[in-house]
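Quick notes on the structure that follows.
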Amino acid sequence: KAGVTQTPRYLIKTRGQQVTLSCSPISGHRSVSWYQQTPGQGLQFLFEYFSETQRNKGNFPGRFSGRQFSNSRSEMNVSTLELGDSALYLCASTKSGIRTGELFFGEGSRLTVL
Amino acid sequence: SQQGEEDPQALSIQEGENATMNCSYKTSINNLQWYRQNSGRGLVHLILIRSNEREKHSGRLRVTLDTSKKSSSLLITASRAADTASYFCATDAIGSGNTGKLIFGQGTTLQVKP
Numbered sequence: 004k005a006g007v008t009q010t011p012r013y014l015i016k017t018r019g020q021q022v023t024l025s026c027s028p029i030s031g032h033r034s035v036s037w038y039q040q041t042p043g044q045g046l047q048f049l050f051e052y053f054s055e056t057q058r059n060k061g062n063f064p065g066r067f068s069g070r071q072f073s074n075s076r077s078e079m080n081v082s083t084l085e086l087g088d089s090a091l092y093l094c095a096s097t098k099s100g101i102r103t104g105e106l107f108f109g110e111g112s113r114l115t116v117l
Numbered sequence: 126s127q128q129g130e131e132d133p134q135a136l137s138i139q140e141g142e143n144a145t146m147n148c149s150y151k152t153s154i155n156n157l158q159w160y161r162q163n164s165g166r167g168l169v170h171l172i173l174i175r176s177n178e179r180e181k182h183s184g185r186l187r188v189t190l191d192t193s194k195k196s197s198s199l200l201i202t203a204s205r206a207a208d209t210a211s212y213f214c215a216t217d218a219i220g221s222g223n224t225g226k227l228i229f230g231q232g233t234t235l236q237v238k239p
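Listed in order, the protein sequences are those of chains U and H. Count along the first sequence from 1, add 3, and you get the number used in my numbering. Count along the second sequence from 1, add 125, and you get the number used in my numbering.
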């Protein structure tokens, strides 16, 4: 079956702009979680959505937001981009939630903020 | 930092040798997972060990967990060049505002020389 798909794979934005990233989970998976990966801070949990509801949120400012649709696809949005938002953004899906085990990750969206 | 720590940060070995990497974490956990990441790609789940388990095997992988020391180790036996990647531990943390969040270690970069 198809894996987790993230789009776009690469994008370049300038400071102050906003960006929307998309994640299509594996069919049948109801949980989608998002992570930011940078060389300095490593992998950090952003949020998890399950059946269109945000289950938990990491320690990121309100500029980072997300949502999940009825087909389990998820989007995350970053508004008023800052240079420090340059990162690889990864999403992962799982059937029951991040606490129950194996996450399946997409290849990521690499965001560069100039 | 909320993240766990892994050591060593980098490890270089010859093909056929064993590789051991360690992960320490800060809070109580439900389970601990290990993931592999090839350069700039998504993460691949390797193994999950629950808090009431002490050791688990999967193929050439052996994971131990010591909850009293809040530490885990991943052993890769008879390493291959294809094992070259970064390895991350991730904890399903409990308490201290971390419940429901997946906390990643900083990772160990493993290079296996042919």
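Note that CB positions come from ideal geometry on N, CA and C, so glycine has one too.
Contact test: residue i Cβ vs the ligand SAH heavy atom, cutoff 7 angstroms
i	result
residue 114 of chain U	The ligand SAH is not part of this structure, which contains no ligands at all.
Cβ separation of residue i and residue j, assumed to be a contact under 8 angstroms, to the nearest whole Å
i	j	result
residue 107 of chain U	residue 35 of chain U	Contact flag wrong, Cβ pair sits at about 10 angstroms.
residue 231 of chain H	residue 130 of chain H	6 angstroms
residue 105 of chain U	residue 170 of chain H	4 angstroms
residue 225 of chain H	residue 152 of chain H	With a Cβ gap of about 12 angstroms, residue 225 of chain H and residue 152 of chain H do not count as contacting.
residue 84 of chain U	residue 19 of chain U	6 angstroms
residue 211 of chain H	residue 233 of chain H	7 angstroms
Residues bridged to residue i [DSSP beta-bridge criterion]
i	result
residue 95 of chain U	U:36 and U:108
residue 212 of chain H	H:161 and H:233
residue 131 of chain H	H:148
residue 116 of chain U	U:16
residue 217 of chain H	H:156 and H:227
residue 181 of chain H	H:188
residue 137 of chain H	H:236
residue 90 of chain U	U:114
residue 7 of chain U	DSSP output for residue 7 of chain U lists no bridge partner at all.
residue 175 of chain H	H:156
residue 25 of chain U	U:10 and U:78
Within-8 angstroms CB hit, residue i to chain H
i	result
residue 36 of chain U	yes
residue 33 of chain U	no
residue 105 of chain U	yes
residue 43 of chain U	no
residue 29 of chain U	no
residue 70 of chain U	no
residue 12 of chain U	no
residue 61 of chain U	yes
residue 101 of chain U	yes
residue 93 of chain U	yes
residue 48 of chain U	yes
residue 58 of chain U	yes
Residue-level contact to chain U via CB, residue i, 8 angstroms cutoff
i	result
residue 208 of chain H	no
residue 182 of chain H	no
residue 226 of chain H	yes
residue 217 of chain H	yes
residue 177 of chain H	no
residue 155 of chain H	yes
residue 220 of chain H	no
residue 232 of chain H	yes
residue 235 of chain H	no
residue 200 of chain H	no
residue 173 of chain H	yes
Neighbouring residues, chain C, relative to residue i (Cβ below 9 angstroms)
i	result
residue 110 of chain U	Of the protein chains in the structure, U and H, none is chain C.
Is the stretch 183 to 192 of chain H close to the stretch 109 to 117 of chain U, with three or more CB pairs under 8 angstroms? no
Can at least three beta-carbon pairs, one atom from the stretch 208 to 221 of chain H and one from the stretch 157 to 165 of chain H, be found at a separation below 8 angstroms? yes
Kindly confirm or deny that the stretch 142 to 151 of chain H and the stretch 37 to 45 of chain U touch, where touching means at least three C-beta pairs closer than 8 angstroms. no
Would you check if there are 3 or more beta carbon pairs closer than 8 angstroms linking the stretch 131 to 145 of chain H to the stretch 70 to 81 of chain U? no
In chain order, what are the residue ranges of uninterrupted beta strand (DSSP E) at least 3 long that sit wholly in the stretch 47 to 81 of chain U? 56 to 60, 67 to 71 and 77 to 81
Contact between the stretch 91 to 105 of chain U and the stretch 196 to 214 of chain H: three or more CB pairs below 8 angstroms? no
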